[in-house]
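Residues -18 to 70 in the numbering used here are what the sequence shown lists, from first letter to last.
C-beta: ideal position from N, C-alpha, C; glycine also.
One structure is given below, encoded as structure tokens.
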Amino acid sequence: SPRVTVGAYTIPHPSLESVNIWVQTTGDPAKEVFKDACQELMQMNRHVRSVFDKAVTEYKAEQERKEKKAAEERKRQMELFGSMDIETN
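Have a look at this one:
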């Protein structure tokens, strides 16, 4: 964001559930800038999720089409070969 000059964070210890965040701004209140950044990040995450979900749905549909086509081909071959008289010893 152009309103931020420096942003940083530290985790005091891996076993602690806390994060120290430091935001230095060009003059706007840091709390407001941080809140806006979090909201923008949530919007980006929603977009990424929707694109991902759409890709998964399309992939599954394509897999189903391929499986159906393969099953139809197996059925056709069984009908073709089943009608042939093949002698076995």
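Beta-bridge pairing of residue i - partner residues as DSSP gives them
i      : result
A(-11) : W3
C-beta atoms of residue i and residue j nearer than 7 Å
i   : j   : result
V14 : R46 : no
Inter-residue CB distance, residue i and residue j (contact presumed, cutoff 8 Å)
i     : j  : result
A18   : W3 : Not really, about 13 Å apart at Cβ, beyond 8 Å.
T38   : T6 : Actually they are not in contact, since the Cβ atoms of T38 and T6 sit about 41 Å apart, beyond 8 Å.
P(-7) : N1 : 7 Å
Range covered by the alpha helix (DSSP H) that runs through residue i
i   : result
E48 : A11 to G63
Check: residue i C-beta below 6 Å from any heavy atom of the ligand ADP
i     : result
P(-5) : This structure lacks the ligand ADP; in fact it carries no ligand of any kind.
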